[in-house]
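Worksheet: the structure to be examined is printed underneath.
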Amino acid sequence: MTAPIASRPHMPGYGILGAGEGTGLLPWSWAQERLEQSHDYWVATSGADGRPHVMPVWGVWMDDALWFSSSRASRKARNLASRPYCAITTDNAYEPVIVEGEAELIADPAAVGPFTERINQKYKTDYPLEFFIRPSNACFRVRPRWAFSLKESDFIGSPTRWTFPG
Numbered sequence: 600m601t602a603p604i605a606s607r608p609h610m611p612g613y614g615i616l617g618a619g620e621g622t623g624l625l626p627w628s629w630a631q632e633r634l635e636q637s638h639d640y641w642v643a644t645s646g647a648d649g650r651p652h653v654m655p656v657w658g659v660w661m662d663d664a665l666w667f668s669s670s671r672a673s674r675k676a677r678n679l680a681s682r683p684y685c686a687i688t689t690d691n692a693y694e695p696v697i698v699e700g701e702a703e704l705i706a707d708p709a710a711v712g713p714f715t716e717r718i719n720q721k722y723k724t725d726y727p728l729e730f731f732i733r734p735s736n737a738c739f740r741v742r743p744r745w746a747f748s749l750k751e752s753d754f755i756g757s758p759t760r761w762t763f764p765g
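Read in order, the letters of the sequence shown correspond to residues 600 to 765 in the working numbering.
Here it is, written out as structure tokens:
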């Protein structure tokens, strides 16, 4: 992945400091660490009628993307089938990382195999590869188009937005 470009987000009315003030911009490595360590992720989707939907999922940060699975019959999977754009956040509200991107349905066993290994390792489970590629299940990969993070302990000095080339 080409390194993302960090900048101070425009947040009118919040008293956010300039790029050279406060803690300064957070490094992308800081955000990646939180993406890797999050136990749960909140996935926000919208349906064809525009109604929002948010659900927690288990997932892994792998190969510069957030991977997760879901039943194809679930509302989030149906939403992503018609509107693949989504937002995902980590589970720590004090140091959140939010990514926005397009969910890709991944069915190739060669691609889903490493996800299966990582999810089993992270959650101490023993799901077989077949669980994730069966017709009733869906495996998604979301590469960020942009990401946002901050430290609650430095709310006005740490907000950072990353944009990803391509």
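Note that CB positions come from ideal geometry on N, CA and C, so glycine has one too. Here the structure is a predicted model, which is why all the values come from computation and not from measurement.
Using DSSP bridges, identify the partner residues of residue i.
i           : result
residue 604 : 762
residue 652 : 644
residue 664 : 661
residue 669 : 737
Look at the alpha carbon of residue i and the alpha carbon of residue j, and state the distance between them as a whole number of angstroms.
i           : j           : result
residue 809 : residue 649 : Since the first residue shown for the chain is 600 and the last is 765, residue 809 is missing from the structure and cannot be characterised.
residue 672 : residue 653 : 15 Å
residue 657 : residue 724 : 12 Å
residue 762 : residue 742 : 11 Å
residue 747 : residue 760 : 4 Å
residue 607 : residue 675 : 31 Å
Within the 9 Å Cβ cut-off, does residue i reach chain C?
i           : result
residue 694 : As a matter of chain content, chain C is missing from the structure shown, which is built from one protein chain.
Please check the pair residue i and residue j, which I expect to be a contact at CB under 8 Å, by giving their CB distance rounded to whole angstroms.
i           : j           : result
residue 706 : residue 732 : 6 Å
Kindly examine the ligand PLP and report whether one of its heavy atoms sits closer than 8 Å to the Cβ of residue i.
i           : result
residue 666 : Of ligands this structure carries none, so the ligand PLP is not represented either.
Is the segment 741 to 759 touching the segment 717 to 729 in the sense that three or more CB pairs, one from each, lie closer than 8 Å? no
Complete beta strand (DSSP E) runs within the segment 682 to 752 (minimum length 3 residues, chain order): 684 to 689, 696 to 704, 736 to 748
Please confirm if the segment 687 to 706 is in contact with the segment 632 to 646, defined as three or more CB-CB distances below 8 Å between the two stretches. yes
Using 8 Å as the threshold, is the segment 713 to 722 in touch with the segment 659 to 677, meaning 3 or more CB pairs across them? yes
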